[in-house]
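Position 5 (the sequence shown) corresponds to 1192 in the numbering used here; numbering is contiguous. Where is the CB? At the ideal position from N, CA and C, for every residue including glycine. Note sheet for the following structure.
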Amino acid sequence: MHGAKIAVVGAGLMGHGIAQVFAEAGHPVSIHDPQPETLASVPARVAANLGILGRDVAAAGRIRLQATLEAAVADAEFVFEAAPEKLPLKQVIFAKLEKTVAAGTILASNTSVIPIMQIAAGLDTPGRVVGTHWWNPPYLVPLVEVVQAERTEPAVVQRTLALLQAVGKEPVHVRRDIPGFVGNRLQHALLREAFALVADGVCDAETVDRVVKSSFGPRLAVLGPMEGADYVGLDLALDVQEFILPDLDRSPTPSPYLSMLVEQGRLGMKTGAGFRSWDPEAAVRMRERLLRHLMNALGEA
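Written out as structure tokens, the structure is:
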């Protein structure tokens, strides 16, 4: 599998980082995006990432930019789709891919929440479609969730796991194709309660962030939730759950408070305000702080 040709469809936030991982590992990589300006910016963005990490920027030059999807995926052994999170768009892309690539090419989607079987609906060869949910930034965060849909062939899963492990990622096998897979289900369970606490006036957004960052947040890096439960004792975990679970938010729909903020145009850092206010300097400082933390935690600094 060493040297297998990789194609990436979508050169935005995630796509260029995914291409970077494979280019650094020595794979020939092609990338396509329907927006010419986004595609043209890939070498500079990848070179900037590599420069920050103190790595050889020559890897950026090994990513071939392709103006058409057909050219990008020609002779590819693996195709990673990193298009916007819109099901109809992904279905169109995979329908084109199925008609274009070789019979043995594995087709992977970077969707973070959409079930893979929905993306592969209508395809003649759904057995070669697999989920590969990378985390942002993909060139730093080790995890990739490899999602096996009902009709995904086991050999496709194993080949994908092996490829990702060989390029230094930490792939995990998600055996059931459910919305959000594992990571985002856990993350949004926390967000649902966080939004409810703020909306109900229990505390403000800053307090929620301080509580997480100054208590169980640092611990999670070395003690996962299941390990943590074993650490404190499952009898204590049971006692706590019997008392607190009936009082937690169980809303089956998005937080009305969140919907209100979106309707007001308060979208977070990109608009200058969300749950908290963000001037441009504060947003830059936050992004730099996150990058430094990830680099230190993963031994990149």
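Query raised in the report: Would R1363 be called buried (16 or more neighbouring beta carbons within 10 Å of its own) or exposed?
Result: Stepping through the sequence shown from its first residue, residue 1363 is reached at position 176. With fewer than 16 Cβ atoms within 10 Å of its Cβ, R1363 is classed as exposed.
Query raised in the report: Of all the alpha helix (DSSP H) runs that stay within the bounds of the segment 1221-1272, which reach a length of 4 or more residues?
Result: 1223-1227, 1229-1240, 1256-1260
Query raised in the report: How many Å lie between L1445 and A1289 at the Cα?
Result: What you label residue 1445 is simply residue 258 of the sequence shown in a count that begins at 1. What you label residue 1289 is simply residue 102 of the sequence shown in a count that begins at 1. Distance between the alpha carbons of L1445 and A1289 is about 44 Å.
Query raised in the report: Would you call the CB atoms of V1334 and I1303 closer than 8 Å?
Result: As a first step, residue 1334 must be located in the sequence shown, where it is residue number 147. As a first step, residue 1303 must be located in the sequence shown, where it is residue number 116. Yes, the pair counts as a contact, with Cβ atoms nearer than the cut-off.
Report task. Indicate, with yes or no, if the ligand ATP has a heavy atom lying under 7 Å from the CB of T1458. Result -> As for the ligand ATP, it is missing from this structure, which has no ligand bound.
Query raised in the report: Helix, strand or coil: how does DSSP classify H1214 here?
Result: One-based indexing of the sequence shown puts residue 1214 at position 27. Of the three classes helix, strand and coil, the one that applies to H1214 here is coil, per DSSP.
Query raised in the report: Quick one: what's got a C-beta closer than 7 Å to R1453's C-beta in the same chain, skipping five residues either side?
Result: By one-based count along the sequence shown, residue 1453 stands at place 266. Contacts found: A1460, G1461.
Requested in this report: Give the single residue among Q1253, Q1222, F1403, R1379 whose Cα lies nearest to the Cα of P1435.
Outcome: Position 248 of the sequence shown, counted from the first residue, corresponds to residue 1435. The sequence as given places Leu at residue 1435; Pro does not occur at that position. It is R1379 whose Cα lies nearest to the Cα of L1435.
Query raised in the report: Going by other Cβ atoms of all chains shown within 10 Å of its Cβ, with 16 needed for buried, is Y1418 buried or exposed?
Result: Taking the first residue of the sequence shown as position 1, residue 1418 is located at position 231. The residue in question, Y1418, is exposed, as its Cβ has fewer than 16 Cβ neighbours within 10 Å.
**Report entry** Paired residues, beta bridge with G1318 - DSSP
**Finding:** Stepping through the sequence shown from its first residue, residue 1318 is reached at position 131. Paired residues: S1296, V1334.
Requested in this report: Please check the pair F1265 and L1373, which I expect to be a contact at CB under 8 Å, by giving their CB distance rounded to whole angstroms.
Outcome: Your numbering for residue 1265 matches position 78 in the sequence shown. Your numbering for residue 1373 matches position 186 in the sequence shown. The Cβ separation is near 27 Å, so there is no contact.
Query raised in the report: So, L1384 versus V1395, is the Cβ gap smaller than 8 Å?
Result: The residue given as residue 1384 occupies position 197 in the sequence shown. The residue given as residue 1395 occupies position 208 in the sequence shown. The answer is yes: Cβ separation under 8 Å.
Requested in this report: Please name the residue in A1194, M1456, L1421, P1324 whose C-alpha comes closest to that of D1262.
Outcome: Numbered from its first residue, the sequence shown carries residue 1262 at position 75. If we check each option's Cα against that of D1262, A1194 comes out closest.
Query raised in the report: If we ignore side chains and look at the alpha-carbon of each, how far apart do H1214 and Q1207 end up?
Result: Translated into the one-based positions of the sequence shown, residue 1214 becomes position 27. Translated into the one-based positions of the sequence shown, residue 1207 becomes position 20. Straight-line Cα distance between these residues: approximately 10 Å.
Query raised in the report: The beta strand (DSSP E) spanning V1449 covers which residue range?
Result: As a position in the sequence shown, residue 1449 is number 262, starting the count at 1. First-last for V1449: 1443-1450, but that is the alpha helix (DSSP H), not the beta strand (DSSP E).
Query raised in the report: Looking at the structure shown, is I1193 part of a helix, part of a strand, or coil, going by DSSP?
Result: Stepping through the sequence shown from its first residue, residue 1193 is reached at position 6. I1193 falls in the strand class under three-state DSSP.
Report task. Run the CB neighbour count on M1447, radius 10 Å, all protein chains shown included, and call it buried at 16 or more, exposed below. Result -> Translated into the one-based positions of the sequence shown, residue 1447 becomes position 260. M1447 comes out exposed.
**Report entry** For G1459, three-class secondary structure by DSSP
**Finding:** Locating residue 1459 in the sequence shown gives position 272, where the first residue counts as 1. It is coil, neither helix nor strand.
Query - Short Cβ contact (8 Å threshold) for M1473 with P1325 - result: On the sequence shown, position 286 is the one that residue 1473 refers to. On the sequence shown, position 138 is the one that residue 1325 refers to. In this structure, P1325 does not lie closer than 8 Å to M1473 by Cβ.
Requested in this report: For E1429, name the three-state secondary structure that DSSP assigns.
Outcome: Taking the sequence shown and counting its residues from 1, the one referred to as residue 1429 is at position 242. It is helical.
Query raised in the report: Excluding the five sequence neighbours on either side, which residues of its own chain have a C-beta within less than 7 Å of the C-beta of F1209, listed in chain order?
Result: Here residue 1209 refers to the residue found at position 22 when the sequence shown is read from its first residue. Here the set comprises I1193, V1216, V1354.
**Report entry** Where P1358 falls: helix, strand or coil (DSSP)
**Finding:** On the sequence shown, position 171 is the one that residue 1358 refers to. DSSP places P1358 in strand when its eight states are reduced to three.
Query raised in the report: Do E1268 and S1296 come within 8 Å of each other at the CB atom, strictly closer than that value?
Result: For the purposes of this step, residue 1296 is taken as the residue at position 109 of the sequence shown. For the purposes of this step, residue 1268 is taken as the residue at position 81 of the sequence shown. Taking 8 Å as the Cβ cut-off, S1296 and E1268 qualify as a contacting pair.
Query raised in the report: So, is A1198 buried or exposed, given that buried needs 16 or more other C-beta atoms within 10 angstroms?
Result: Residue 1198 sits at position 11 when you count from the first residue of the sequence shown. Buried is the call here.
Report task. Within the same chain, show all residues whose beta-carbon is closer than 7 Å to that of S1438, passing over the 5 residues directly before and after it, in chain order. Result -> As a working mapping, residue 1438 is identified with position 251 in the sequence shown. Excluding positions up to five away in sequence, the list reads R1379.
Report task. Express the C-alpha separation of R1397 and K1283 in angstroms, rounding to a whole number. Result -> Within the sequence shown, the letter at position 96 stands for residue 1283. Within the sequence shown, the letter at position 210 stands for residue 1397. So the two alpha carbons sit approximately 47 Å from each other.
Query raised in the report: Just how far apart, CA to CA, sit E1475 and G1309?
Result: The count along the sequence shown starts at 1 and reaches residue 1475 at position 288. The count along the sequence shown starts at 1 and reaches residue 1309 at position 122. The alpha-carbon atoms of E1475 and G1309 are separated by roughly 43 Å.
Query - Reference F1382, options T1339, L1423, P1441, V1279, closest by Cα - result: Position 195 of the sequence shown, counted from the first residue, corresponds to residue 1382. Minimum Cα distance to F1382 is reached at P1441.
**Report entry** Which listed residue (V1229, V1196, E1257) has its alpha carbon closest to that of L1276
**Finding:** Position 89 of the sequence shown, counted from the start, is the residue given in the question as residue 1276. Here the closest residue by C-alpha is V1196.
Query raised in the report: Within this structure, are the beta carbons of G1314 and T1339 separated by less than 8 Å?
Result: For the purposes of this step, residue 1314 is identified with residue 127 of the sequence shown, where counting begins at 1. For the purposes of this step, residue 1339 is identified with residue 152 of the sequence shown, where counting begins at 1. Yes, these two residues count as a Cβ contact at 8 Å.
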